[in-house]
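Letter by letter, the sequence shown follows residues 1 to 445 in UniProt numbering.
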Amino acid sequence: MAGPSLDTLPVELLTEISSYLCAICCGTYPNSLSQKHLSRLSRTCRRLRDVCQPLLFDHYYHSSESMTRLLSFLRTLDARPDLAKCVTSLDFHEPGYAENLDDEDRQLVESSIAKLGLPPLPAEWHDYLLERRLLVAELVVASCPNIKVLRVPMNPEWTVSVIASLPKDVVFARLKKLDVWLFYVSGDHYAIKYGKISGLLHASPNLEHLRLPSIETFYPGEAEVPTLEKLTDLDLGEGAPPPYFLNCVLEACPNLQKFRLHWVDSDGYDEDSEEWSPLDGWRALQRVQSSVREIIFETNIEFPDDDNVEEGVSTLRDFARLEILEVGGSALQALHKVWAHHNRHASMEQFVYQVFPSTIKELAIWDPDASLIEVVRLLTRETAREQYPRLARINISRSEYLSGWRFDVAQWQEAVERREFERSTIDLRIQLPTILDYPDALYTF
């Protein structure tokens with residue numbers, strides 16, 4: 001008599017089994033529970049093994065400070081290249097750390113390095129595991145050729161041995177989303193050397209979404225950003241990328257649609273930000289003016305007295321597809337400063353009706369000073385509809401990232417009380433922060 005099989009199981013049991021498989025395909029699994037169920041199902045019969053093992057290895061999330069589980073995963077990938085090809089998502093919330101490795105673990109690491117064709121590690125590499133705590137995670141990344149999503153931590157003090165020098169034949173052709181994030185330990189150094197991520201960028205030609213921390217040691221003639229034809233979303237977060245890097249990375253993204261940067265001054269380890277200007281950000285963004293649809297840009301960098309306003313950006317009219325603009329008040333004022341330099345006898349009304357493209361739909365201004373009250377008042381007039389027929393919403397609020405000290409809250413409060421925006425033809429929301437005797441208030445017009 002033949003043993004039980006999937007063909008002979010009761011339909012109720014098959015339905016129960018399929019519920020676990022469907023859940024992970026739809027992304028609704030509770031992680032710990034699902035891993036256990038899939039593991040058990042994969043050991044029941046050959047057919048379920050063939051179905052469940054690829055699902056079991058589809059996503060790997062590492063959140064433990066211990067490196068034990070990470071080493072076990074690397075060992076499995078080393079023994080089963082077929083399962084390594086099933087991995088599509090790697091998320092390292094923790095890089096893992098081990099005070100020491102046994103001989104078997106050291107041999108695994110060294111043999112993995114050799115298989116990649118990389119130079120051998122220094123003889124005493126295992127004595128410096130604190131600096132090399134990313135090493136095993138790097139080897140896991142290099143072992144998974146079909147990853148689509150990668151989230152990996154970096155720290156200025158860590159040594160990057162693998163992904164910084166990937167062989168040219170290692171290409172992550174399916175990688176669509178790359179998130180390199182700062183793993184803060186201590187101190188005041190936050191920027192990552194570009195050389196640590198350069199190899200990874202060159203090995204990922206089909207990226208669509210890229211998130212980077214602050215970058216340093218990116219110099220003319222010494223480094224370059226590969227062309228990223230398919231990149232549509234660039235997120236530089238709250239960081240201090242040098243203007244030269246901004247120019248190069250935006251020039252490498254000819255089809256960029258969304259850009260985000262909360263630009264802060266440099267920590268001074270690599271390049272002094274005293275010579276930077278808010279206009280450097282706008283100059284760099286001109287590289288993507290034909291494609292970008294959404295810009296999120298603010299800065300606490302001061303406008304230097306010696307900035308060349310003759311070559312500055314004064315208007316966004318040439319940003320032909322721009323629909324959403326979320327901008328810090330100081331960054332918007334930088335545009336006006338250049339515009340006023342070239343149009344010395346023009347009015348604020350002329351600036352307002354020339355500063356944005358006609359495609360603009362949503363505008364947010366963070367931490368605006370009192371001079372921008374007139375800008376918002378003019379934008380809410382009926383006459384502005386001729387210039388900006390698609391503009392439907394304006395938000396005024398405090399920045400969630402930068403200090404907010406530029407926000408002239410008292411003057412904005414007075415403007416609201418005078419009902420200067422009462423006849424607004426668009427959805428205008430003014431969120432005033434708590435200051436002195438002014439309570440939080442949301443004004444909708």
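Note that beta-carbon positions come from the ideal geometry of N, C-alpha and C, so glycine has one too.
> Straight-line CA distance for R419 to L379?
Replying inline: Looking at the backbone, the Cα of R419 and that of L379 are separated by about 15 angstroms.
> Do you know how far the Cα of N300 is from the Cα of V264?
Replying inline: 6 angstroms
>> As a quick exercise: from F421, I147, E326, L134, pick the residue whose alpha carbon is nearest that of K258.
In response: E326
> If you run the structure through DSSP and keep just helix, strand and coil, what is K230?
Replying inline: coil
> Can you tell me whether T88 is buried or exposed, with buried defined as 16 or more other CB within 10 angstroms of its CB?
Replying inline: buried
>> Using CA atoms only, rank isn't needed, just tell me which of L428, F421, W366 is closest to S403.
In response: Ranked by Cα distance from S403, the first of L428, F421, W366 is W366.
> Do residue 495 and Y190 have their C-beta atoms within less than 7 angstroms of each other?
Replying inline: The requested residue 495 does not occur in the structure, where the chain is confined to residues 1 to 445.
> If you run the structure through DSSP and keep just helix, strand and coil, what is Q431?
Replying inline: strand
> Over what stretch of residues does the alpha helix (DSSP H) that includes H342 continue unbroken?
Replying inline: It spans 329 to 342 - the alpha helix (DSSP H) in which H342 sits, taken as one unbroken run.
>> As a quick exercise: from E298, A334, A320, D188, pick the residue whose alpha carbon is nearest that of E311.
In response: The candidate whose alpha carbon is nearest that of E311 is A334.
> Do three or more CB pairs link the segment 383 to 399 to the segment 342 to 359 at distances below 8 angstroms?
Replying inline: Yes, they touch.
> Which residues in the same chain have their Cβ closer than 8 angstroms to the Cβ of L108, if we skip the five residues on either side of it in sequence?
Replying inline: L71, L74, R75, D78
> Got a sec? Which residues, its chain only, sit under 8 angstroms from V162 by beta carbon, not counting five neighbours each side?
Replying inline: I113, L116, L118, L135, E138, L139, V141, A142
>> Let's test the definition: count the other Cβ atoms within 10 Å of the Cβ of P156 and tell me whether it reaches 16, buried, or not, exposed.
In response: buried
>> Suppose the cutoff is 6 angstroms on Cβ atoms and the five residues either side in sequence are ignored; what does the same chain contact list for L101 look like?
In response: Here the set comprises H126.
> Who are the near neighbours of S330 in its chain, counting only those whose CB is closer than 7 angstroms to its CB and skipping five residues on each side?
Replying inline: P278, T299, R406
> Residues in its own chain within less than 8 angstroms of A392 by CB, not counting five upstream and five downstream?
Replying inline: K361, E362, I426, D427
>> Can you find the residues in the same chain that come closer than 7 angstroms, C-beta to C-beta, to E222, ignoring five residues on each side of it along the sequence?
In response: none
>> What ranges does the alpha helix (DSSP H) occupy inside the segment 132 to 190, keeping only unbroken runs of at least 4 residues that lie completely in it?
In response: 135 to 142
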